[in-house]
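Structure, as structure tokens:
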């Protein structure tokens, strides 16, 4: 049985993973929400103005009252540079799917891998999750590298499974790790 705890503060060597606040709107807007390079393979378009960012943050902050809501701000050197969340939780099989995005200036520095490892450990060790999955557009291989570096195994590709907001169909690759494999990696 799952022990949902909601979004808890997590600390890593370089990062603070915490709940978003309305005060994070400027960092979110500046670092990723308006940047098409970041949102290109996501389910939403770049924000057209900071008011859109403020609105999205208000929705996220309102959801923090739910014990099964997991949405972290990734804080690095005092700035919020991205987000990582459970985009889908399947309580019937104790399974979680992660989604993440981060400002372009911070790509290639191992930051998202560090954040994802912390969230995966929290989900297995604290919440009691049995399986964690990550999926990504094949055209975005860096996201797959995050999954691999976190110990997830490639499980296959679904052809043209995702339609972008501009109408392109993309192939999606799936990665996953189950509790027994996580425990082996941990030890």
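Residue numbers (the numbering used here): 58 to 244. Ideal Cβ placement from N, Cα and C applies to all residues, glycine included. This structure is a prediction, so every number in the text was calculated from the model and none was measured.
* To do: Please look up how many angstroms separate the CB atoms of residue 168 and residue 131, rounded, as I've assumed it's under 8 Å.
  => Here the question's residue 168 lines up with position 111 in the chain shown. Here the question's residue 131 lines up with position 74 in the chain shown. Residue 168 to residue 131, Cβ: 7 Å. Contact.
* For the stretch 124-183, list the alpha helix (DSSP H) runs that are entirely contained and at least 4 residues long, ordered along the chain. => Counting only runs of 4+ residues, the alpha helix (DSSP H) found wholly inside the stretch 124-183 occupies 168-179, in chain order.
* To do: Name the one or two DSSP bridge partners that residue 213 has.
  => As a first step, residue 213 is located in the chain shown; it is residue number 156 there, counting from the start. According to DSSP, residue pairing for residue 213 in a beta bridge involves 231.
* Straight-line Cα distance separating residue 242 from residue 137 -> Here residue 137 refers to the residue found at position 80 of the chain shown. Here residue 242 refers to the residue found at position 185 of the chain shown. Roughly 29 Å separates the two Cα atoms.
* Examine the Cβ distances between the stretch 202-210 and the stretch 223-235 and report whether three or more of them are shorter than 8 Å. => A contact exists between the stretch 202-210 and the stretch 223-235.
* Is residue 154 closer than 8 Å to residue 194 when the C-beta atoms are compared? -> Position 137 of the chain shown holds residue 194. Position 97 of the chain shown holds residue 154. Contact flag unset, no.
* Asked: So, helix, strand or coil for residue 75, using DSSP?
  -> Here the question's residue 75 lines up with position 18 in the chain shown. When secondary structure is reduced to three states using DSSP, residue 75 falls in the strand class.
* Asked: DSSP beta-bridge partners for residue 67?
  -> Residue numbering aside, residue 67 sits at position 10 when the chain shown is read from its first letter. Residue 67 is bridged to 74.
* **As assigned by DSSP and simplified to three states, the class of residue 189** => Translated into positions along the chain shown, residue 189 becomes position 132. Strand.
* Do you know offhand how far residue 100's Cα is from residue 222's? -> Residue mapping note: residue 100 aligns to position 43 of the chain shown, counting from 1. Residue mapping note: residue 222 aligns to position 165 of the chain shown, counting from 1. Inter-residue distance for residue 100 and residue 222 is about 7 Å (C-alpha atoms, whole angstroms).
* To do: Could you check which residue in 158, 149 and 209 has the C-alpha nearest to that of residue 59?
  => Counting from 1 along the chain shown, the entry for residue 59 is found at position 2. With distances taken between Cα atoms, residue 59 lies closest to 149.
* Proximal residues to residue 92 (C-beta, below 8 Å), its chain only, five neighbours per side dropped -> Counting from 1 along the chain shown, the entry for residue 92 is found at position 35. Here the set comprises 103, 160 and 161.
* To do: For residue 226, write down the residues that DSSP places opposite it in a beta bridge.
  => Along the chain shown, one-based indexing puts residue 226 at 169. According to DSSP, which records beta bridges pairwise, residue 226 is partnered with 220.
* **Nearest to residue 236 (by Cα), restricted to the options 213, 197, 179 and 196** => Indexing the chain shown from 1 puts residue 236 at position 179. Nearest to residue 236 by C-alpha distance, out of 213, 197, 179 and 196, is 179.
* Please report the residue range of the alpha helix (DSSP H) in which residue 111 lies. => Here residue 111 refers to the residue found at position 54 of the chain shown. Looking at the DSSP string, the run of the alpha helix (DSSP H) that includes residue 111 is 107-120.
* Might you give, ordered along the chain, the residues of its own chain that have their beta carbon closer than 6 Å to the beta carbon of residue 215, omitting 5 neighbours on each side? => Position 158 of the chain shown holds residue 215. Closer than 6 Å at the Cβ level, and outside the excluded window around residue 215, lie 229.
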